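Only one structure is covered here, and it is reproduced in the block below.
Protein chains: 2
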Amino acid sequence: MSPHPLDILSAAETNAARDLILSLHPNAVLSFREIFLEEPPKQQLIQFLTVEHAGKTAPAPTRRALVQYDVIGSDRVPEFHESVINLDAQKRESQTVVDKSHHASLTLSEFDTLVEVCTKSQLFKEACAEYQLPEGFEVIVEPWPYGGLSPGEENRRYFQGLCFARDTRSGNPDSNFYAFPLPFIPVMDAHKQEIIRIDRLATGGKSDALDAKTHSKKIIDHCKSSEYVPELREKGTRTDLKPLNVLQPEGPSFLVDGSLIEWQQWRFRVSFNPREGAVIHDVYFGGRSIMYRLSISEMTVPYADPRGPFPRKQAFDFGDGGAGNCANNLSLGCDCLGVIKYFDGIVTGPDGTAKVAPNVICLHEQDNGIGWKHTNWRTGRAVVTRSRELVIQFIITLANYEYIFAYKFDQAGGINVETRATGIVSVVNIDTGKTSLYGNVVSPGALAQNHQHIFAVRIDPAIDGYENTVVTEESHRAPVGKTNPQGNYYEVRQRVIERSECFDAAPMDNRIVKIVNRSKTNPISGKPVGYKFTPAPTQLLLADPDSVQSKRALFAQHHVWVTKHLDGELYAGGRYTLQSQNEIGGVADAVKRDEVVENADVVVWNVFGLTHNPRVEDWPVM
Amino acid sequence: MSPHPLDILSAAETNAARDLILSLHPNAVLSFREIFLEEPPKQQLIQFLTVEHAGKTAPAPTRRALVQYDVIGSDRVPEFHESVINLDAQKRESQTVVDKSHHASLTLSEFDTLVEVCTKSQLFKEACAEYQLPEGFEVIVEPWPYGGLSPGEENRRYFQGLCFARDTRSGNPDSNFYAFPLPFIPVMDAHKQEIIRIDRLATGGKSDALDAKTHSKKIIDHCKSSEYVPELREKGTRTDLKPLNVLQPEGPSFLVDGSLIEWQQWRFRVSFNPREGAVIHDVYFGGRSIMYRLSISEMTVPYADPRGPFPRKQAFDFGDGGAGNCANNLSLGCDCLGVIKYFDGIVTGPDGTAKVAPNVICLHEQDNGIGWKHTNWRTGRAVVTRSRELVIQFIITLANYEYIFAYKFDQAGGINVETRATGIVSVVNIDTGKTSLYGNVVSPGALAQNHQHIFAVRIDPAIDGYENTVVTEESHRAPVGKTNPQGNYYEVRQRVIERSECFDAAPMDNRIVKIVNRSKTNPISGKPVGYKFTPAPTQLLLADPDSVQSKRALFAQHHVWVTKHLDGELYAGGRYTLQSQNEIGGVADAVKRDEVVENADVVVWNVFGLTHNPRVEDWPVM
C-alpha cells in the first residue's frame, strides 16, 4: 500500500533518499544531519484531501524527502546543503547550499564530539586542574548551543559546555551533578574540533562586580548533594500514597490507522519530524474542516544574568536542536495512565541511515472532571457528564530541562495546546552565603538564573474551508447615554485583520481572536462560523530591544502574528536559529510582506511563555 | 466528646439556639433564616490552635451560634435580627436589629412564596393570558433576586420571576423550559406577598428601539425544543465512549476525623456554612502553618443588556442567596471518580429546625498528569512521577446556573482554588430572525445576554505564624548600561504593601503577589519564607462607575485587596448584598481604614472572573 501523503518517511524511503544523495556526491565526504518528509505544497495536498474526504481516491502528490547534510571540505569547514528528493522519480528536485552566515541545527553527535574534544583538550585539563574537587568527583561537560554571537565575533560554528562535578562514590551514574556547578565553560570551534577558549564565570553576589571571580579552589565544598533518583535519596520516596489506577476494560475509544486518528467526531492525522516533534494535520470535527496544520513552531529560552558569557545563554529549542530529535521514548518511565498507543519516529544517523525512534508520541484518553452539569432544583434531577479528552503528547529533554507538549482534543470540538516545563533548573556556582540579583540560590552554592521561556504555536486554520479571516473581539465599558441609560451595557467591538500584522493580548479588554469563515453563517446566531482562542497575556521577551537576545527572537515580542500562508514557512523564529544574530525568515519577516489576509489562506501564530525566577522549591527537579 | 471549635454546629446545637431565641421572643411571630456557627474570635482560636498543634489540650473557646431571623410585625414588615448565642452558657450575647435599609439574604422558601403568589395573582394571570402558548405548554416562574434598586425606588423587599414555558406533553418534568422564554417579569412585594407589577420585556433586535416589544401573541412559536435530559433527546446520547474507571484498590490516601483532613503532609479542617459553602481552616503543610482561613467570599453576575428591567439583573450568589444554601447533594449524579468521602451540612427551616443537608462537600484524590520528569540523556534513565491532588469540592445551583468550586491541594505544598461555570445560560425572548448587540441568539427565539462573573477569594494567611507581609514582585526590562552591558538582564523589583490598599494584575510585568513572614528566613535562598500567587488578569467589572451595578460591587473593580484582619469581615461585597445600592462593609471600606498591614494580621482578597458573551455552542448546557 502506498503511504498517505502525510505519513512520515519510512526507513526505506529515508535510506533511498540517502542513497540518492550519496550517488550525487561521489567524491565528497558527507555528514548527514536530517532526512524527513518534505510535505506536499499546500495547494496540491488540499486537492488530494478534498477528494479523500469525499470518499474517493485521488492520485497522491509526489512523495518527497528533505535531506540536510554537510559536504565536508578539505579545510574541515562544511558546506551545508539542503536537497529535496523526489522519491517517486528518484531524482533531486532542488539543491540549496546554505549561505555560511547561517548554521544548520545541531545534531546530538556534535554534542558527543564536544565531550570528546574536551577530554583531549590541554586547555580544558588545565582549567579542571585549577580546582580541588573532593575525592570521588569527576567533571561532567554538559553541551549547549553557543547562543547568539557576541557583537564583532567571527561567525564560525561553536559549541560550549557547562561544567559540573559528579559524585561517583555511589557508583550510580545518575547521581545529580547539577548540584555541583563549576565556574568555567569550554568553547569549541566545531570545524577545528578544538577547544579554543575557556570562559571563566563570576561567582560573586549582590555587592560584587559583574566579573567577580571570588571563589576558592575548593569550588564545590560548599555545595550539597541533591539527588532525585529514588535509590540515591537518603529519605527515600513517599510511601503514604495509595495506588490510583485508570482502567479501560473495553479498551480505548479511539481508532488509529497509520497516521489517521478518529475519536468522538474528530478525525485528523499526526506526523513527526526532527524539528517540530508531533504535528497535527487535516483536522475535522463532525465532518467539518477545522485546521490544515497545527504545530509547536519555536521556543526561546533567554537567560537574564548579565555576567561574562551568560548573555549568550539563549536556546531555541526547536530551531537549534530540534524537538523531534530530543523526544523521549515514552514507554520508559510510564508517563501516562490508561491505555496508551505509541507512535514511532525516524531519526537519521551521521551516515544518513534511518533509525527508528521508538514511542516518541503517545496517544491516550483522560478524564478531565465534570463536563457539564445541571440540576433542576424543582425536581432535584441532576444531569452530569464527565469530560473526556484525547491527548497527543511528546516530551523532550534538552540537557537539564524537560518540556511536555500535548495537543488535547475535547468532546465539544475544542483543542488545547498545553506545554508543561519540568526537569532541572539551570544553575551556576555562587560563593558561600551570597545572594544575587540574577536569580535565586536554590541549593548551597547553586544559583538558578532568572530566565524566560517563550513558545510559538503555529495555527494553519481551515474553518469550513481554506479561506478564513481573523477578527479580534473586545468587550468595552460604554458611557451612560441614550443607548445605555443605566450604565450596565458594555460594547462588544470587533476589528478585522485586513493585512498581515502582529498584536498583543489585552486581557483587560477581554480580547479574543476569532478565525472565521465569512462565506458560512451559523444558522442560529446569524454570524460567520468560526473558532476562537484567547491569547494568554504572558510576559513577552524582556531583553533590551537592541540586544542580540532580542534581535534573534523577534517572534517573542508579540502574542499574535497573522500572516499569509507560504509553503515551508513553518518556523516563528526563522529557519536557522543556531548562533543567529537576527531573526531571518520568521514571523516578523512574514508580516513585513504586508499581504492581504482577509478571506485568505491565513496563518495565525500564538506566542506565550513564562518568566521563571526560580525558587528553592523548584530544586532538584521542578 | 466536645466538638472542635471549627466543627459546624450539630443539629442539636442548632435546635438549642432556636429554642433559646424562641424563649426570648415569647409573644412574637418569628421566621428563621439561618443558624450556623459563629466562629471564635481569631485571637481566641489562635490560642486554642497553638496549644492543639503542640499536642496538648486547651480549653475550647466558647461555642457560639449566629441566629438570623425575622420578627414579623403586624404590618407584615419583618424586623431582621441577628443574635449571637453562647451555647455553653445558653445565653444571648448580642442582638442586632438590622437597619431596614439592608435586606437579609433570601431563603429558598421566599422563592417558593413567589411562585405561589404568582399563581394567585390576577395581574400575573392577565399577563399570561395575553400570549397564545401552544397546547401542552405551561408557564414556569423562575424566581430571582430583584437586583439593585433603580434610582429613586422605594426600598421594600422585592422578588422577581423570569418566565418561561414548559412543554408538558412528554410528561417529563425535566423538559427544558429555558428554550421558551416569555417576555414579562412579575415583581413581588415580599412583605405584602403580592405581585405589584409586571415588567414587560423588549424582544427587538439591532435596529429596534431599546423598548421595542415587537413580538406577536404567539410568543414561542419560533422557539425550538432544546432538551438536555438524556431520555428526551431525539438523538440520544453518545455511545462511542468506552468506560474509563478510576480504581483505588487500597482505598484513599487521606485520613478524615470529623472536620480534620490529613493527606500528604497536609493537615487542615473543612467547615460548611450557608453563605460561603465549604471553608478551609488552619492549614498546615509539613508541620508548618500556611493559612488561617481560606474561603470563596463573593461572586457577582452583572448582565449587560441595557433594556427595560435588565440593568437590575445582577446576582450576588454568595450574599444574596448563599452558596451553602444552594449546594448540591453530590452523591446524586456521580460527580467524581475514585473513592469519594462526603461531608454533610446543616440547613435551617423557617421554623428554625435543623435539617441535615447530605453530601454537600466531597473529598477525593485525582491524578493530575505528570508531576515531574527528568531523563538523563547520558544514561537514558528517566525518572517520572505522577501528580496527585486532593480536591475538596462543592457545587451550587442558582436557577439556571451551576458553579463548581474546588480547593485543590498538591503534593508540593501548593493550593489551587478552582471555579468552573456550567448549567444553562440565561436567555430572553428575541423576535424571529433578529440579532442583538446585547448577546447572541443561541437557540431560535432565545437571546443569551452578555454578562460577567466576578469572584472573590478570601485568603487569611498564616505563613509560619500570623504576622505576615504582602509584597508584589515584578520583572522589568532594564536598559543597557554598566550593569547590563549586553541588554539581557531584567530587573526583579519588589514593592512592600505597607498600608491597606488594592491593586490590579499586571501580567506584562509578570506581577506576582508574595505573602511572606519576614521573621523567618529560608536558610538556602536567604530570603523570607513565603507563598506566592499570580493574580489572574481577568477583565474587571465593565459597568459604568456611576451605575448601580458598579456601586454595589466595588470589590469587582480591582484584582487584589490587602486589608487588616477584622473579626467577622468575611464578605468582599459587604454583609448585605440583596437589593443593595452600594457596597457597604466590603473590601473597599476595609481598605479605607488605611491600616498598617506590614508584619501584621493581614488578609488578601483575590478577584477574578470571566466575561461571557455566549456562543451557540454554550446551548443547551454549557
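Residue numbers (the numbering used here), protein chains in the order written: chain H, 120 to 741; chain C, 120 to 741.
Ideal Cβ positions, reconstructed from N, Cα and C, are used throughout, including at glycine.
None of these values were measured; they are calculated from a predicted model.
- Rounded to whole angstroms, residue 189 of chain C and residue 264 of chain C show a C-alpha spacing of 18 Å.
- For the pair residue 697 of chain H and residue 435 of chain C, the Cα-to-Cα distance works out to about 55 Å.
- Listed in chain order, the positions of the segment 347-373 of chain H with a beta carbon within less than 9 Å of a beta carbon of chain C are 347, 348, 349, 356, 357, 359, 360, 361, 362, 363, 364, 365, 366, 367, 368, 369, 370, 371 and 372.
- Close partners of residue 405 of chain C in chain H (Cβ separation under 9 Å) are lacking, with about 12 Å as the shortest Cβ gap.
- Contact between residue 724 of chain C and residue 528 of chain C is ruled out by a C-beta separation of about 21 Å, above the 8 Å threshold.
- Rounded to the nearest whole angstrom, the CA to CA distance from residue 356 of chain C to residue 370 of chain H is 20 Å.
- When the Cα atoms are used, residue 411 of chain C and residue 631 of chain C turn out to be separated by approximately 21 Å.
- Pairwise C-beta distances place the segment 664-674 of chain H out of contact with the segment 632-649 of chain H, as fewer than three of them are shorter than 8 Å.
- Not a single C-beta of chain H is nearer than 8 Å to the C-beta of residue 321 of chain C.
- Three or more Cβ pairs drawn from the segment 288-303 of chain C and the segment 251-260 of chain C lie within less than 8 Å of each other, which places the two stretches in contact.
- Rounded to the nearest angstrom, the Cβ distance from residue 283 of chain H to residue 301 of chain H is 6 Å, consistent with a contact under 8 Å.
- A direct Cα-to-Cα measurement between residue 571 of chain H and residue 419 of chain H gives close to 8 Å.
- Check the Cα spacing between residue 456 of chain H and each of H/484, H/135 and H/192: the tightest is with H/484.
- Within chain H, the residues placing a beta-carbon under 9 Å from that of residue 531 of chain C are 736, ordered along the chain.
- Its Cα nearest to that of residue 291 of chain C, the residue H/498 stands out among H/326, H/217, H/492 and H/498.
- Residue 127 of chain C has its alpha-carbon roughly 57 Å from the corresponding atom of residue 441 of chain H.
- Annotation: residue 160 of chain H has no Cβ neighbours in chain C at a cutoff of 7 Å; minimum Cβ distance is about 34 Å.
- Going by DSSP, residue 137 of chain C is part of the alpha helix (DSSP H) stretching over 130-143.
- No Cβ of chain H is located within less than 8 Å of the beta carbon of residue 250 of chain C.
- In the displayed model, residue 200 of chain C falls within a strand according to three-state DSSP.
- The criterion of a C-beta distance shorter than 8 Å is not satisfied by residue 407 of chain H and residue 311 of chain H.
- The shortest CA-to-CA distance from residue 324 of chain H to any of H/424, H/575 and H/389 is the one to H/424.
- If you ignore the 5 residues before and after residue 652 of chain H, its C-beta comes within less than 6 Å of the C-beta of 632, all in its own chain and listed in chain order.
- Using a CB distance cut-off of 8 Å, residue 460 of chain H does not count as an interface residue toward chain C.
- At the C-beta level, residue 606 of chain H and residue 166 of chain C stay beyond 8 Å of one another.
- The beta carbon of residue 542 of chain H lies closer than 6 Å to those of 519, 520 and 521 in the same chain, with the five residues before and after it left out.
- Straight across, the Cα-Cα distance linking residue 248 of chain H with residue 612 of chain C is about 40 Å.
- The straight-line gap separating the alpha-carbon atoms of residue 530 of chain C and residue 210 of chain H is approximately 57 Å.
- In terms of Cα proximity to residue 164 of chain H, the closest of H/181, H/152, H/154 and H/175 is H/181.
- Under the Cβ distance rule, residue 605 of chain C counts among the residues neighbouring chain H, one pair being separated by less than 8 Å.
- The beta carbon of residue 525 of chain C lies closer than 6 Å to those of 510, 512 and 537 in the same chain, with the five residues before and after it left out.
- In the structure shown, residue 586 of chain C falls within a coil segment according to DSSP collapsed to helix, strand and coil.
- Contact residues of the segment 477-496 of chain H toward chain C are 484, 486, 489, 491, 492, 493, 494, 495 and 496 (C-beta to C-beta distance below 7 Å).
- Under the Cβ distance rule, residue 679 of chain H does not count among the residues neighbouring chain C, no pair being separated by less than 8 Å.
- In the three-state reduction of the DSSP assignment, residue 404 of chain H falls in the strand class, which pools E and B.
- At a cut-off of 8 Å, the C-beta of residue 658 of chain C has a neighbouring C-beta in chain H.
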